[in-house]
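See structure below.
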Amino acid sequence: MTFDPGRCPNYILEDVVYLLFRSLKSLQSSKERENQVAELVMFLLERSPPRYLVFDPHVLHETIRLLDPNELVHFYEAVKQTEQPLHSNTLLHIASRFAKSSAHKVNAADVICSLTEIPDFDINAPAPASVCTSLLTLGESDPFPEGQGEPDELFRVLLERGFRPNLLGLTALMRNFCVRGHLDTAWKIFDLLLQHNFEPDAHVFSILLNGSKNSFDIPSTRKLIEIVFSRGAWTEVIVDEFLHLMFLHNEAQPEERRRQRKANNAWRPMLQVYAKFYKLAPLQRFFKFPLENVIAGRDVLPRHETPITNLAAALRPQPEHMLMNPTSNTLLLLLAAHARSINHPVTISLCWRRLHFLLGGEDPVAVRLIKEKGTMIYDIYIRALMQFQETLWVPMRILRYMIMNAEREKRVTGGNIRHPFPSVHTWTTLLNGFKNHNHVGGAVSVLRMMMELGNIRPNLVTWNALIKAFARVGDVRGAVRVMRLLEQAGFSSDDRTVEAFSILPRERRVEAIRLLEELRKEPIDLADPGAALGGVRARLETRRPLGLNPAVPPSNRIPTRPRPVGALQPPPPGLEEQLNKARQEWDRHVAEIDRKRRASSGNEVNMPYRLNDRRPLGSRAGHPSPRPGATRRILSVISD
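The numbering of the sequence shown is the working numbering, which starts it at 1335 and goes up by one.
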């Protein structure tokens, strides 16, 4: 194709190109045809002398839309060389296209800078401000720009050109960097704001603290706490983020011969920080012992001190009149830390009994936790109860309590506010409990109950936990079958899946890869996980531990009749029978775990079912003899 500007009047070319674009729109032409016309525009611009062509704004807009960012760079250069007049909206459209490409952020900044030289152009108007926000935002999979394209450098350029972001856009921008692990960039932007006399609010502080928490960046945390302290900017969100950091940081600390319960738990330091900012009364409702005694107790032992505990100890308490009311999130954090610190089944039994009493009595604080956070309070105690041999049977009773009350409330009110059904997290917590006891059959039973009783679809976390349960006992085929169920459910493996399979020895992992390729050729039934996992369900239903009574004595159970919601309503047909069958199956698994523990410790197998294994999960020492009356006390505190 040839073109000689000297032999062709410019207005003919302009009209022909305009008509081509209009015809493409009216005829709904293919993408290929549209690209050909866009290429024609580029061809003409590259071969035209300055000021020869003046294309219609519609032509320019459509051309910009059709070109990819690399082609758009050449288009913009050609437009500048030919001195093609561009409206500010057209330039803004070019900047927007560049801003959304991580490799062309600098080009976008150049276009925006040229726009600011146009009289009456307002960079803080909604459309330009939106482009500026896109310029500073990184996509989830975008590489991090370097040099002049670094976000803080681009932000500095925009500020010098008069950009004044609102706090909403600013916090979204800083959160974008924190979530993607670029905390240092978020801090650079924060420092630039201070240099340009912006006044950050508490929400900005909470985002930086959240980023510091997720990165376990202690110097960043200390810097932010000092800023918040100097400004007196404490809020519930900031304190809660710091409490959560204390909990997570403590969990990440290594401990020699670690059992399920850590010796250097975060309960007391977190409670001491809580008391400096919050009223104690709402939290005190969940405990029968005075929390003041815990607060006044000894500080963290020197060998357990960390920069976080030292920072927490240095915080000054707020005056009494400035103490805040704790949020539901605050209370759950403290209750979770306390449950994590418990190292005896009697203690966790007393805690559950207290919560059961508060919920039954419609305590306003406990009810608020349920309304705002759903099953989370149940999940905390279920996880703790699943750690000890004596209390393994209790979570099934809690599950029954939740389902029966939820059904009654739904039938009376049409919804579930005070009595939620067990969530996917609740079921996964139960499954994890059996996994930690190396009891695959119990984990598979929970999965089936989850799908049949709970009518809940397992998520990726649930499948990964079940894969890990099989891997821990060396069952390669079972782990691979769960992997097939995971794929059948529409999920893809993640780092946790790989971590679960890495438990297997190297040669078994090779075998797992081979088996997975074979099983991918076979159909698998997601509706019956027990059958899909190779008959685990059938084996469990026909096997009965020697000499053990599979059911816990009725006198040792939590009452199965919960308090009614409104008028007493009968449960749906068949629900009672389903729950009874589930309870009996659960008790068989508990008895099986008890039998294996006794056999591994050298004790006699054929003995009555008793709750006397006081070891935290993970301990390999022999079973200590129960203290006189210990078992009776455990049962009495749970079963009133």
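Glycine included, C-beta positions come from ideal geometry on N, C-alpha and C.
Can you name, in chain order, every residue of its own chain whose Cβ lies under 6 angstroms from the Cβ of Val1699, other than the five neighbours on each side?
Pro1616, Arg1619
Got a sec? Which residues, its chain only, sit under 7 angstroms from Met1544 by beta carbon, not counting five neighbours each side?
The sequence shown places Asn at residue 1544, not Met. Once the five neighbours on either side are set aside, the close Cβ partners of Asn1544 are Cys1512, Glu1575.
In whole angstroms, what separates the C-alpha of Asn1510 from that of Ile1541?
10 angstroms
Per the DSSP calculation, Tyr1612 is bridged to which residue(s)?
Met1658
Grouping DSSP H, G and I as helix and E and B as strand, with all else coil, what is Lys1855?
coil
Helix, strand or coil at Glu1373 [DSSP, three-state]:
helix
How close, in whole Å, do the beta carbons of Glu1411 and Pro1384 come, if the pair is a contact with beta carbons under 8 angstroms?
With a Cβ gap of about 13 angstroms, Glu1411 and Pro1384 do not count as contacting.
Quick one: residues in its chain with C-beta nearer than 6 angstroms to the C-beta of His1438, no 5 flanking neighbours on either side, listed in chain order?
Cβ within range, chain order: Pro1403, Phe1432.
Let's test the definition: count the other Cβ atoms within 10 Å of the Cβ of Ala1461 and tell me whether it reaches 16, buried, or not, exposed.
exposed
Check Asp1574 in the structure and name its three-state DSSP category.
helix
Rounded to whole angstroms, what is the Cα-Cα separation between Leu1692 and Asn1739?
Cα to Cα, the separation comes out at about 15 angstroms.
Using three-state DSSP, classify Ser1357 as helix, strand or coil.
In the structure shown, Ser1357 sits in a helix (DSSP, three-state: H, G or I).
Anticipated Cβ contact below 8 angstroms, Pro1792 with Leu1764, distance rounded:
Not a contact, Cβ separation roughly 12 angstroms.
Suppose you measure from the CA of Tyr1352 to the CA of Gln1482; what does that come to, to the nearest Å?
Here the alpha carbons of Gln1482 and Tyr1352 stand approximately 38 angstroms from one another.
Do Thr1467 and Ile1457 have their beta-carbon atoms positioned less than 7 angstroms apart in this structure?
no
Consult DSSP for Leu1394 and reduce its assignment to one of helix, strand or coil.
helix
With 16 other CB atoms within 10 Å as the buried threshold, where does Gln1723 fall?
buried
Straight-line gap, Gly1776 to Ala1805 (C-alpha atoms, nearest Å):
15 angstroms
Helix, strand or coil at Ala1813 according to DSSP, with G and I counted as helix
helix
In angstroms with no decimal places, state the Cα-to-Cα distance between Leu1849 and Lys1930.
29 angstroms
Beta-carbon within less than 7 angstroms of Asp1551's beta-carbon, same chain only, minus the 5 sequence neighbours each way: which residues are those?
Leu1517
Is DSSP giving Gly1952 helix, strand or coil here?
Any answer about Gly1952 is weak, because its pLDDT of 34 lies below 50 and its placement is not dependable; what the coordinates show is given next. Gly1952: coil per DSSP, three-state reduction.
Determine the burial state of Leu1528: buried for a count of at least 16 other Cβ atoms within 10 Å of its Cβ, exposed for fewer.
exposed
Tell me the rounded alpha-carbon separation between Ile1751 and Thr1709.
11 angstroms
Is the CB-CB distance between Tyr1608 and Leu1669 below 7 angstroms?
no
Under 7 angstroms, do Leu1853 and Arg1818 count as touching if we go by C-beta distance?
yes
Short Cβ contact (7 angstroms threshold) for Leu1347 with Ala1372:
no
Span separating the alpha-carbon of Asn1344 from that of Arg1356
Between Asn1344 and Arg1356, the alpha-carbon positions lie close to 19 angstroms from each other.
Delimiting residues of the alpha helix (DSSP H) encompassing Arg1830
1829-1835
Below 8 angstroms on the Cβ atoms is my guess for Trp1521 versus Ser1554; work out the distance and round it to an integer in Å.
Rounded, the Cβ-Cβ distance is 7 angstroms, consistent with contact.
Just the C-alpha distance for Glu1480 and Pro1641, rounded to the nearest angstrom, thanks.
Between Glu1480 and Pro1641, the C-alpha separation is close to 32 angstroms.
Spatial distance of Met1580 from Phe1524 (CA atoms):
24 angstroms
Closest to Pro1603 by CA distance: which of Glu1639, Glu1570, Lys1622 is it?
Glu1639
Out of Asp1928, Leu1838, Arg1731, state which residue places its alpha-carbon closest to the alpha-carbon of Leu1913.
Arg1731
The alpha helix (DSSP H) spanning Tyr1715 covers which residue range?
1710-1719
Could you check if Ile1790 is buried or exposed, using at least 16 other CB atoms within 10 Å of its CB as the buried criterion?
Buried is the call here.
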